[in-house]
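J.:
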Amino acid sequence: MAGLLSNLRNAVITGFVLAFVVYVLSAFLFHGTINLMSAPFWWYPVRWMHVLSGIVWIGLLYYFNLVQVPLMPKIPDDQKPAISKVIAPEALWWFRWGAMSTLFFGLWLAFLNDYLIAALTLGAAEGFSDASHTLIGIGMWLGIVMWFNVWFVIWPNQQRALNIENRFPDLTKDQRASHGRTAMLFSRTNTVLSLPMLLCMIGASHYGFG
Ligand code: HEM
0 MAGLLSNLRN AVITGFVLAF VVYVLSAFLF HGTINLMSAP FWWYPVRWMH
50 VLSGIVWIGL LYYFNLVQVP LMPKIPDDQK PAISKVIAPE ALWWFRWGAM
100 STLFFGLWLA FLNDYLIAAL TLGAAEGFSD ASHTLIGIGM WLGIVMWFNV
150 WFVIWPNQQR ALNIENRFPD LTKDQRASHG RTAMLFSRTN TVLSLPMLLC
200 MIGASHYGFG
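Each residue of the sequence shown is one higher than the last, beginning at 0 in numbering that gives the first Met the number 0.
1. Please confirm whether Val-16 has its beta-carbon closer than 8 Å to some beta-carbon of chain C.
2. Alpha carbon to alpha carbon, how far is Thr-32 from Phe-110? Give it in angstroms, no decimals.
3. Where do the ends of the alpha helix (DSSP H) carrying Trp-140 lie?
4. Considering only their Cβ atoms, is the gap separating Ser-177 from Ser-131 smaller than 8 Å?
5. Roughly how far, in whole angstroms, is the beta-carbon of Phe-185 from the beta-carbon of Asn-162, given that I think they are within contact range, below 8 Å?
6. For Asn-189 versus Leu-60, is the C-beta distance shorter than 8 Å?
7. Compare the C-alpha of Val-50 against each of Ile-12, Gly-97, Arg-159 and name the closest.
8. Ignore the nearest five residues each way along the sequence and tell me which others in Asn-112's own chain have a CB closer than 8 Å to its CB.
9. Can you tell me where the alpha helix (DSSP H) holding Asn-189 begins and where it ends?
10. Is any non-hydrogen atom of the ligand HEM found closer than 7 Å to the C-beta of Val-16, if you look at the structure I gave you?
11. For the pair the segment 159-175 and the segment 73-92, tell me if three or more CB-CB distances fall below 8 Å.
12. Skipping 5 residues on each side, what residues in its chain have a beta carbon closer than 7 Å to that of Phe-104?
13. Does at least one heavy atom of the ligand HEM sit under 7 Å from the Cβ of Ser-37?
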């Protein structure tokens, strides 16, 4: 067991295998069969992949905002490269691909749920007849804006601020600081938006107004 857990790749594969076993067992137990052609077969794992990706993305967003950025000034200058050259570039890889995967599975989920257009038009396409479509639509647009910020503002600015993969070696210290500040402000914007976004995500099918 310790051998399995000390290898990250094997530990992650084990988690996926366990999830698959639970999924297949519960399908047989409660439905007696698995129908690959039915929407519900896909709906459940797509929702799972959506939330899993969302945890990776928003988990790292909160790590940046609650841990890394506030503690950076307390780290002595000669030790800062451990964060900026080693940890941050790796965290940013998971961060932006987590965002991409969340968006991909989120849109797929809305499609499987049969309300992609209704939600993206905030319910207007169906005359605002279903509050949950308006609610999930607001959440989806907040998520899409956040995804855009990650890929087209935070990532390009962080590449310049940290000179990731040595793509921008000629920038001055002031220019790097300015890119770092832009990335930080948009990352903070995403932290703000994440709260109403998550409320909409869970509110769509667990409407809590009694
Ligand atoms: C990026 C754009 C996003 C899109 C297009 C999207 C889309 C969706 C859709 C269509 C649903 C199904 C709602 C329902 O009818 O129950 C959903 C649920 C959910 N989403 Fe998102 N989402 C996005 C971002 C996020 C993010 C960043 C998170 C963060 C963790 C997240 C977490 C959740 C959760 C927890 C649920 C509820 C699952 C449940 O109630 O079973 N979503 N999302």
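Where a beta carbon is used, it is the ideal one built from N, C-alpha and C, also for glycine.
T.: The short version:
1. Looking for chain C here will not work: only one protein chain is present.
2. The residue you call residue 110 lines up with position 111 of the sequence shown. The residue you call residue 32 lines up with position 33 of the sequence shown. Each residue's Cα considered, the two are about 24 Å apart.
3. Residue 140 sits at position 141 when you count from the first residue of the sequence shown. Run containing Trp-140: 130-148, per the alpha helix (DSSP H) assignment.
4. Translated into the one-based positions of the sequence shown, residue 131 becomes position 132. Translated into the one-based positions of the sequence shown, residue 177 becomes position 178. The answer is no: Cβ separation not under 8 Å.
5. By one-based count along the sequence shown, residue 185 stands at place 186. By one-based count along the sequence shown, residue 162 stands at place 163. Phe-185 to Asn-162, Cβ: 19 Å. No contact.
6. Sequence index remark: in the sequence shown, residue 189 carries index 190 (1-based). Sequence index remark: in the sequence shown, residue 60 carries index 61 (1-based). The answer is yes: Cβ separation under 8 Å.
7. Within the sequence shown, residue 50 is the residue found at index 51, counting from 1. Among Ile-12, Gly-97, Arg-159, the Cα nearest to that of Val-50 is on Gly-97.
8. Reading the sequence shown from its first residue, position 113 is the one you call residue 112. Setting aside the 5 residues that flank it on each side, Asn-112 is surrounded in the same chain by Trp-42, each with a C-beta closer than 8 Å to its C-beta; the list follows chain order.
9. In the sequence shown, the residue the question calls residue 189 occupies position 190. From DSSP, the alpha helix (DSSP H) with Asn-189 extends over 172-202.
10. Sequence index remark: in the sequence shown, residue 16 carries index 17 (1-based). A distance criterion of 7 Å places the beta-carbon of Val-16 beyond contact range of the ligand HEM, judged by its closest non-hydrogen atom.
11. Three or more Cβ pairs drawn from the segment 159-175 and the segment 73-92 lie within less than 8 Å of each other, which places the two stretches in contact.
12. For the purposes of this step, residue 104 is taken as residue 105 along the sequence shown, with counting starting at 1. The beta carbon of Phe-104 sits closer than 7 Å to those of Val-45, Met-48, His-49, Ser-52, all from its chain and outside the five residues before and after it, given in chain order.
13. In the sequence shown, the residue the question calls residue 37 occupies position 38. No, since every heavy atom of the ligand HEM falls outside the 7 Å radius drawn around the Cβ of Ser-37.
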